[in-house]
Structures are given as C-alpha cells and as structure tokens.
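Peer 1:
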Amino acid sequence: MPQGKRVVLASRPVGEPKPSDFRIEEYTPPTPGNGEVLLRTIWLSLDPYMRGRMSDAPSYSAPVPIGGVMEGGAVSEVIASNDPNFAIGDIVQIRSGWQTHAIADGKKLTKVDPKLAPISTAVGVLGMPGMTAYTGLLDIGKPQPGETVVVAAASGAVGSAVGQIARIKGARAVGIAGGKDKCDYVKNELGFDDCLDHRDPELAAKLKQACPKGIDVYFENVGGAVFEAVFPLFNPFARIPVCGLIAHYNDTEAAAPKWAGSLMRAVLTKRLTIRGFIVSDFAARHADFLRDMSAWVREGKVKYKEFVTDGLENAPEAFMGLLKGANFGKQLVRVGPDQA
Ligand SMILES: NC(=O)c1ccc[n+]([C@@H]2O[C@H](COP(=O)([O-])OP(=O)(O)OC[C@H]3O[C@@H](n4cnc5c(N)ncnc54)[C@H](OP(=O)(O)O)[C@@H]3O)[C@@H](O)[C@H]2O)c1
C-alpha cells in the first residue's frame, strides 16, 4: 500500500490565507471495498472558490471542517479496482481534494479519454472552468453579433474562454487583466479585440474608449474597482452574469453598500439583468458544452494556457498566489507523473 500525503485546513483564514492555515499530513490510503477503486492523483485543480470553502460564513456549499482535507477537483489514475467497470490505468475525473491518493465509489467517477485531449483539460477548458464560461456567457449573457462583451481575469481559466466564445458568437470581446504580459497574451494569442490592465489608474477612461458603443454583456469575475469602471458603460438591456467576485474573497467585513442606490437606479432605468449563478445550476447543459467546447479546442478556435506548480506540498503557496494573480492561465498542481 503506497503512503499518501494530503493538505488539510489547519485554521480558518482571516483576510488573505497564510501558510499556517494549511497543514501537510501523511496517511495510509484505505483499501478499496466492493465497487470501489483506489486512485493516484495526477493533476489537482486549484480554483478561487476554495477560498469560500475555507470560511464558515453561510454559502451555497458547506465549508471544509478544520482538520479536513482541502476540497478540489482532480484527474487521477486507477491503481487498484474492485469495480468491473474500471481497470488499472484508467484515467478519471473526481472531486477527491488536495491529496495524493483517494478511494472512490466507481458509480461517482467520470472516465477521461486520454485520446481526446491532454488529461489536464478535464479540470480546465473541458472541465468546470470551461463549462462555467460556456453556460454563464451563453445562457445568461446571450451575446449577439456586433455586441460588446467585457470580462476581467481575462487570461485565466474562465475569462479566457468567455472572450473567445464571445468572438465565436460574433461579438466584440474586451478583456481586463493584471499587467502587460497578460494583456498582450489576451489580445495577441487569444484574439480578444482589446485588453486593459486593471491596475492602470486610467482604467475607467480607457475602458470607455475601448467600448465606444457601450457594454452589452459584462461577465463578472472580480467585482471591486473593475466593476466600478464597467458600471457607467452598461447599455440598456445589458446582461451581467455574476460568476465570481475574487476582489472580495478576502474581505473581512461586508463592504458598505455605499452606492447601492445608484446601482439599483441603473438596474431600473437601463433594465439590466444581473444574475448570479453556480456552474452546477447548468448541469443539464454538460453534453452541449462538451460537444461544442471540444470541437472549438480541436479547431483552434478556443486556446487555453495552463500554469503548473509541481508537488502537492506547494499547493498552498500556489493557491495563495492564485488569489493575487500570480497564476498566468489555469492553475494546476502536478501531484504525480502522467504515467506511473
Ligand atoms: N460561479 C461559478 O460556478 C464559478 C465557477 C468557476 C469560477 N468562478 C469564478 O470565476 C472567476 C475566475 O476564476 P478562474 O478559475 O478563471 O480563476 P483565474 O482567472 O484563473 O485566476 C484568478 C485571477 O483573478 C484575478 N484577480 C485576482 N484579484 C483580482 C482583483 N482584485 N481585481 C481583478 N482581478 C483579480 C487574477 O488575474 P489578474 O492578474 O488578471 O488580475 C487571477 O489570476 C473567480 O471569481 C471564480 O470564483 C465561478
């Protein structure tokens, strides 16, 4: 039986998470029972929502308990099987958390076909972040040809797909990202029409220039100063899928709604649609997503970038970096080799 390593939540962060909020433990993975398989993690996905799971504030999902394994999606290899549907060497996608090995019920596993695309994409462009971009943009944002779509965190897992799908649908895509390198990538590699740096003190004025016909769809990933720059530019009947608010995930108290009145006035007078969503709300769209997104990736219409950190023990640092923009592309942790 292999020895395992896992990252547990040692304490609930106040503000930004710090190294002492995590603890690395060794453990002996259990033996799989009837219908179960033993898995070896290859790729661990790190995602901003994990900050929410570290907090016990009321949310749409239960928090990780203190001492519990940090939650997360993974791509893993079957290394022992008591389920006739799974053979040793099969690759699967599972929410097994920040650990090197896990036992899983075969019925809860999704097989990944390594011939379709690199297996890491099962937690990236062909997985949860890609599906978030697809459903939030198409089902709530509903971009029309010639309209302007704005998205921040534009070089990241979700934002990069949002802008590229907007372009496929004939809309103009304007990204917002942290720094010149990310903005150059978003424009030159991903083909967005423009991209602006959210740390530029002139952001609001430059955004106005980049969106001369106003904004029809704002895919909200960050909140904060970016939302304040975007807000005056909404066109009548603009749609705002609220996907994430990463600028606020480390807030220690609810921000005073100092301009809630102006916001609600705009919602009324401009007939805005603002709708929050969690990707699981659109589970019924999974087959459509996989069909369209895998075709777009195959045809080179949707490109993706991965940002790989080696070693499970480095996951806490990588996660803390993700919340501050240290990642450039989908943040992954390589927990073990592709081939054992
Ligand atoms: N609703 C759902 O079901 C769902 C599912 C998946 C993801 N999400 C949300 O989607 C958003 C993007 O997630 P992702 O996985 O694609 O992450 P990501 O974009 O790959 O990484 C997070 C990025 O956020 C940006 N950021 C951090 N603080 C910021 C700030 N104060 N202002 C502007 N940008 C900031 C950083 O990029 P820069 O360097 O460009 O600033 C950082 O790289 C997150 O809010 C996440 O919670 C929601």
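Heads up, the sequence shown is in the numbering used here, so the first residue is 3 and it goes up one at a time.
Quick reminder that beta carbons are idealized off the backbone N, C-alpha and C, glycines included.
Is serine 61 near ligand 1, with its Cβ less than 7 Å from a heavy atom?
Peer 2: no
Peer 1: Below 7 Å CB to CB, which residues in the same chain sit around serine 2 once its five sequence neighbours on both sides are set aside?
Peer 2: Residue 2 lies beyond the stretch modelled for the chain, which goes from 3 to 342, so this question has no answer here.
Peer 1: Kindly identify the DSSP beta-bridge partner or partners of threonine 254.
Peer 2: DSSP output for threonine 254 lists no bridge partner at all.
Peer 1: Give the secondary structure of threonine 102 by DSSP, where H, G and I count as helix, E and B as strand, and everything else as coil.
Peer 2: coil
Peer 1: Does the beta-carbon of asparagine 329 have 16 or more other beta-carbons within 10 angstroms, so that it is buried, or is it exposed?
Peer 2: It is buried - the Cβ of asparagine 329 has at least 16 other Cβ atoms within 10 Å.
Peer 1: Among the candidates Gly302, Leu46, Lys20, Pro21, whose CA atom is the shortest distance from the CA of alanine 124?
Peer 2: Leu46
Peer 1: For glutamine 95 versus valine 71, is the C-beta spacing smaller than 8 Å?
Peer 2: no
Peer 1: Tell me whether leucine 270 is buried or exposed, calling it buried when 16 or more other Cβ atoms sit within 10 Å of its Cβ.
Peer 2: exposed
Peer 1: Check for me: the beta strand (DSSP E) holding lysine 7 runs from which residue to which?
Peer 2: 6-11
Peer 1: Going by Cα to Cα distance, which pick from Ile242, Pro120, Ala289, His250 is closest to alanine 268?
Peer 2: In this structure, Ile242 is the residue among Ile242, Pro120, Ala289, His250 with its C-alpha nearest to the C-alpha of alanine 268.
Peer 1: Might you give, ordered along the chain, the residues of its own chain that have their beta carbon closer than 7 Å to the beta carbon of histidine 288, omitting 5 neighbours on each side?
Peer 2: Met133
Peer 1: Determine the closest residue to valine 335 out of Arg14, Asp23, Asp49, Lys208, with distance taken between C-alpha atoms.
Peer 2: In this structure, Asp49 is the residue among Arg14, Asp23, Asp49, Lys208 with its C-alpha nearest to the C-alpha of valine 335.
Peer 1: Alpha carbons only, please: which of Asp340, Gly338, Pro318, Gly327 is nearest the one belonging to proline 21?
Peer 2: Pro318
Peer 1: Cβ atoms of isoleucine 178 and valine 228: under 8 Å apart, would you say?
Peer 2: A contact, by the Cβ cut-off of 8 Å.
Peer 1: Just checking histidine 288 against ligand 1 - is the residue's beta carbon closer than 7 Å to any of the ligand's heavy atoms?
Peer 2: no
Peer 1: Considering only their Cβ atoms, is the gap separating leucine 139 from valine 164 smaller than 8 Å?
Peer 2: yes
Peer 1: Mind reading off the beta-carbon distance from aspartate 85 to glycine 108? Whole number of angstroms is fine, and I expect it under 8 Å.
Peer 2: 3 Å
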